[in-house]
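Asks:
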Amino acid sequence: MAAPLPPPLPRPYQDTAAYWQAAREHRFIVQKCADCAEFQFYPRGVCSHCLSSALEWEEASGRGEVYSFSINYRAPHPGFADKTPFVLALVTLAEGPRMMTNIVDCDPDTVRIGMVVTVTFDDVTEDVTLPKFRPL
Amino acid sequence: MANALRDVAIVGVAESDIGRVPDKSKFRLSAEASRMALEDAGLSVGDVDGLFTTIITEGGQFSSMLMAEYMGITPRYTDSTSIGGSSFVVYVEHAAMAIAAGLCDVALICHGSTNISDRGGRGGPVSQSTEVFGPTQFEEPYGVSTVGAYALAAQRHMHEYGTTLEQLAEIAVATRKWASLNPKARMRDPITIDDVMNSRVIASPLHLLDCCLVTDAGGAVVLTSLERARDLKKAPVRVLGAGEAHSHRMISQMPDLTQTTAAISGKLAFERAGLTHSDIDVAEIYDSFTITVLLSLESLGFCAKGEGGAFVSNQRTAPGGEFPMNTQGGALSYTHPGMFGIFTIIEAVRQVRGECGPRQVPGAEVALCNGTGGTLSSTGTIILGRD
Chain A
1 MAAPLPPPLP RPYQDTAAYW QAAREHRFIV QKCADCAEFQ FYPRGVCSHC LSSALEWEEA
61 SGRGEVYSFS INYRAPHPGF ADKTPFVLAL VTLAEGPRMM TNIVDCDPDT VRIGMVVTVT
121 FDDVTEDVTL PKFRPL
Chain B
1 MANALRDVAI VGVAESDIGR VPDKSKFRLS AEASRMALED AGLSVGDVDG LFTTIITEGG
61 QFSSMLMAEY MGITPRYTDS TSIGGSSFVV YVEHAAMAIA AGLCDVALIC HGSTNISDRG
121 GRGGPVSQST EVFGPTQFEE PYGVSTVGAY ALAAQRHMHE YGTTLEQLAE IAVATRKWAS
181 LNPKARMRDP ITIDDVMNSR VIASPLHLLD CCLVTDAGGA VVLTSLERAR DLKKAPVRVL
241 GAGEAHSHRM ISQMPDLTQT TAAISGKLAF ERAGLTHSDI DVAEIYDSFT ITVLLSLESL
301 GFCAKGEGGA FVSNQRTAPG GEFPMNTQGG ALSYTHPGMF GIFTIIEAVR QVRGECGPRQ
361 VPGAEVALCN GTGGTLSSTG TIILGRD
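These protein sequence lines map, in sequence, to chains A and B.
At position 22 of the first sequence (counting the first as 1) the number is 22 in the numbering used here, and the numbers step up by one without a gap.
At position 208 of the second sequence (counting the first as 1) the number is 208 in the numbering used here, and the numbers step up by one without a gap.
Rendered as structure tokens:
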């Protein structure tokens, strides 16, 4: 058997470089539209509410609520083979948008919809940090 | 629009070898299904002037050019709309419009996939990429999978409406009963609600038997004008109504995890057909997972939002039940090569023609197909009926 593959990691691009750079610095930022004042996630080159390019980065509270979750027992990719079971989740941020993440630092069986969570940073490699969430 | 669609008919359907077919490429499965569907119609490949297909796996880029070249077709109308498993249902609407507008005369919709052979087994890895470019970099690094995404929807539906695992299992059990009547179905042994609930958890709350199969398979559908169809081999099956919509690409962007765009595509299909729910004799609902069926039935309006669990209870969708559904055994028990949409059409046509033998729904004249693609992202709904 070849050495196990690492999990897939993001390759930053024009729309997302600032987000991933902030994550490396353990800062959690989200985009807000200067024209219509709506927040959005994930980062884009335009506002998904009004198509404006006038987007600004805001320091987010890092607070959110579990909208849904699933305890995953099968690795979707060889890089997750030693990480099961893990909690795949959708978290609604205090600022409004929803994002995919993992709920960590707790027993998976204790995760509930509506649970209040806060951001935590997983330094996966020297270059990549993934924002994840833990119970508050 | 509604009248134009009604002047078009499905005249040929076929599936290729299905199951585990390691010695045939996905291109060949698609082409062989096409040959058999044309034979079913009494047409030849030289008659085809409209092609509709998409391949989303390795080697499938520029799908309609690739498959036209492979089969020796020079289409004057071509469509590779790629919105997942619903694509093939949506192609019926596109083909009907193209034929009604005179842009082509004979439309071929085809699909082939070697999903199980490519993966080396059902549990094989779905992805082996190490770097993610584009918006999916906000999902894949967290371990998203198709089953994981659908599990999020199931969990939310259970939370909002009190839907139970037993209710989801009712769908798998009823679908297996239909499969037991279909010699082509891969899984034909009866199962119980306990079997489903005791099968291992893949992604909570979904168990193994809540999930579709992974197989190799090809399928094809041929359409032409109703006028020409009436001179062909078999009785035409008319396209009475159709609708399509999509709301997102990634599950994290789905506006409401408990409702699909079948609420849009289904409403359009019923309006264009001038029919109501009680007119549907048989329903073919893409069952990638048990939860997909529940959300689709609610979104299509067969029951109110949140009442899908009660709707499918007491084996209502099983043979002999009030609501015959997924009569070939569905993606859960018949076949599922990664995109199932075309197989809902093939079965609906056979039911309306009365060709289904022991699984025939008596007197089936009007059938509804609903395809779902992506991660509950897209839907295509069509209503078919006897001429």
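Here a beta-carbon is modelled for each residue, glycine too, at the ideal position from N, C-alpha and C.
Would you kindly check if the distance between the Cβ of B:Ile264 and the Cβ of B:Gly241 is under 8 Å?
Replies: On the second sequence, residue 241 of chain B is found 241 positions in, with the first residue counted as 1. On the second sequence, residue 264 of chain B is found 264 positions in, with the first residue counted as 1. The answer is no: Cβ separation not under 8 Å.
Asks: Could you check whether the segment 295-302 of chain B touches the segment 370-383 of chain B, counting it as contact only if at least three pairs of C-beta atoms, one from each stretch, sit closer than 8 Å?
Replies: yes
Asks: Please decide whether A:Met100 counts as near chain B, where near means a Cβ-Cβ distance under 8 Å.
Replies: To locate residue 100 of chain A, count along the first sequence from 1; it is residue 100. Output row for A:Met100: interface = yes.
Asks: For A:Ile103, which of helix, strand or coil comes out of DSSP?
Replies: For the purposes of this step, residue 103 of chain A is taken as residue 103 along the first sequence, with counting starting at 1. The answer is strand: DSSP assigns A:Ile103 an E or B state.
Asks: Report the partner residues of A:Val91 according to the DSSP bridge assignment.
Replies: Numbered from 1 along the first sequence, position 91 holds the residue referred to as residue 91 of chain A. Per DSSP, A:Val66, A:Met99.
Asks: Should B:Thr260 go down as buried or exposed, given a rule of 16 or more other Cβ atoms within 10 Å for buried?
Replies: On the second sequence, position 260 is the one that residue 260 of chain B refers to. Buried, since its Cβ has 16 or more Cβ neighbours within 10 Å.
Asks: The alpha helix (DSSP H) spanning B:Arg176 covers which residue range?
Replies: Residue numbering aside, residue 176 of chain B sits at position 176 when the second sequence is read from its first letter. Per DSSP, B:Arg176 belongs to the alpha helix (DSSP H) from 165-179.
Asks: How about A:Ser68: is its C-beta nearer than 8 Å to some C-beta of chain B?
Replies: Reading the first sequence from its first residue, position 68 is the one you call residue 68 of chain A. Judged by the 8 Å Cβ criterion, A:Ser68 is in contact with chain B.
Asks: Could you confirm whether any beta carbon from chain A is found closer than 8 Å to the beta carbon of B:Phe133?
Replies: Taking the second sequence and counting its residues from 1, the one referred to as residue 133 of chain B is at position 133. Yes, B:Phe133 lies at the interface with chain A (some Cβ there is under 8 Å from its Cβ).
Asks: How long is the line joining the alpha carbons of B:Gln155 and B:Leu332, rounded to whole angstroms?
Replies: Locating residue 155 of chain B in the second sequence gives position 155, counting from the first residue. Locating residue 332 of chain B in the second sequence gives position 332, counting from the first residue. Roughly 20 Å between the two C-alpha positions.
Asks: Suppose the cutoff is 6 Å on Cβ atoms and the five residues either side in sequence are ignored; what does the same chain contact list for B:Ala2 look like?
Replies: Sequence index remark: in the second sequence, residue 2 of chain B carries index 2 (1-based). Here B:Ala2 scores only 49 on pLDDT, less than 50, and its place in the model should not be relied on; the value that follows carries that caveat. Once the five neighbours on either side are set aside, the close Cβ partners of B:Ala2 are Arg272.
Asks: In the segment 137-167 of chain B, which residues sit with their C-beta less than 7 Å from some C-beta in chain E, listed in chain order?
Replies: In the structure shown, chain E cannot be found, because the protein chains are A and B.
Asks: Output needed for B:Pro205: all residues of its chain with C-beta closer than 7 Å, excluding positions within five of it in sequence on either side, in chain order.
Replies: Here residue 205 of chain B refers to the residue found at position 205 of the second sequence. Contacts found: Ala151, Ala154, Gln155, Met158, Leu165.
Asks: Check each candidate in B:Gly357, B:Ile345, B:Val222, B:Gly308 and name the one with the smallest Cα separation from B:Leu51.
Replies: Here residue 51 of chain B is taken as the residue at index 51 of the second sequence, counted from 1. Considering only alpha carbons, the answer is B:Val222.
Asks: Skipping 5 residues on each side, what residues in its chain have a beta carbon closer than 8 Å to that of A:Met1?
Replies: What you label residue 1 of chain A is simply residue 1 of the first sequence in a count that begins at 1. With a pLDDT of 45 at A:Met1, under the threshold of 50, the predicted position of this residue should be treated as unreliable, and no value is reported.
Asks: Just the C-alpha distance for B:Gly12 and A:Lys132, rounded to the nearest angstrom, thanks.
Replies: In the second sequence, the residue the question calls residue 12 of chain B occupies position 12. In the first sequence, the residue the question calls residue 132 of chain A occupies position 132. The straight-line gap from Cα to Cα measures roughly 51 Å.
Asks: Can you tell me whether B:Arg359 is helix, strand or coil according to DSSP?
Replies: Along the second sequence, one-based indexing puts residue 359 of chain B at 359. Of the three classes helix, strand and coil, the one that applies to B:Arg359 here is helix, per DSSP.
Asks: Do we get a CB-CB distance below 8 Å when we pair A:Pro8 with the residues of chain B?
Replies: Taking the first residue of the first sequence as position 1, residue 8 of chain A is located at position 8. Yes, its Cβ sits closer than 8 Å to a Cβ of chain B.
Asks: Using a Cβ-Cβ cut-off of less than 8 Å, list which residues of the segment 73-86 of chain A approach chain B; keep chain order.
Replies: Tyr73, Arg74, Ala75, Pro76, His77, Pro78, Gly79, Phe80, Lys83, Phe86
Asks: Apart from the five residues on each side of it in sequence, which residues of its chain come closer than 8 Å, Cβ to Cβ, to A:Gly114?
Replies: For the purposes of this step, residue 114 of chain A is taken as the residue at position 114 of the first sequence. Taken in chain order, the residues that qualify are Glu65, Val66.
Asks: Quick one: using the 10 Å Cβ neighbour count with 16 as the cut-off for buried, is B:Thr163 buried or exposed?
Replies: Along the second sequence, read from residue 1 onward, the residue named residue 163 of chain B stands at position 163. With 16 or more other Cβ atoms within 10 Å, it is buried.
Asks: State the DSSP-derived secondary structure class of B:His159, mapped to helix, strand or coil.
Replies: Within the second sequence, numbered from 1, the residue matching residue 159 of chain B stands at position 159. Looking at B:His159 - three-state DSSP - the assignment turns out to be helix.
Asks: Using the rule of at least 16 other Cβ atoms within 10 Å of the residue's Cβ for burial, across every protein chain shown, is A:Val87 buried or exposed?
Replies: As a position in the first sequence, residue 87 of chain A is number 87, starting the count at 1. Result: buried.
Asks: Between B:Leu257 and chain A, is any beta-carbon pair separated by less than 8 Å?
Replies: Translated into positions along the second sequence, residue 257 of chain B becomes position 257. Judged by the 8 Å Cβ criterion, B:Leu257 is in contact with chain A.
Asks: Take B:Ser25 as the anchor and find which of B:Gln351, B:Met67, B:Gly46 has the nearest alpha-carbon.
Replies: The residue you call residue 25 of chain B lines up with position 25 of the second sequence. Answer by Cα proximity: B:Met67.
Asks: Against chain A, does B:Ser129 count as a neighbour if the rule is that its beta carbon must be under 8 Å from one of theirs?
Replies: The count along the second sequence starts at 1 and reaches residue 129 of chain B at position 129. Yes, its Cβ sits closer than 8 Å to a Cβ of chain A.
Asks: Would B:Val237 and B:Ser117 qualify as a contact pair, given that the criterion is a beta-carbon distance under 8 Å?
Replies: Start at 1 with the first residue of the second sequence, and residue 237 of chain B comes out as number 237. Start at 1 with the first residue of the second sequence, and residue 117 of chain B comes out as number 117. Not a contact, by the Cβ cut-off of 8 Å.
Asks: Closest to B:Leu384 by C-alpha separation, out of B:Ser377, B:Leu376, B:Leu368, B:Ser378, would be which residue?
Replies: Counting from 1 along the second sequence, the entry for residue 384 of chain B is found at position 384. Nearest in C-alpha terms to B:Leu384, of all of B:Ser377, B:Leu376, B:Leu368, B:Ser378, is B:Leu368.
Asks: Counting only beta-carbon atoms, is B:Ala2 nearer than 8 Å to chain A?
Replies: As a position in the second sequence, residue 2 of chain B is number 2, starting the count at 1. Annotation note: pLDDT 49 at B:Ala2 (below 50); position unreliable, no value reported.
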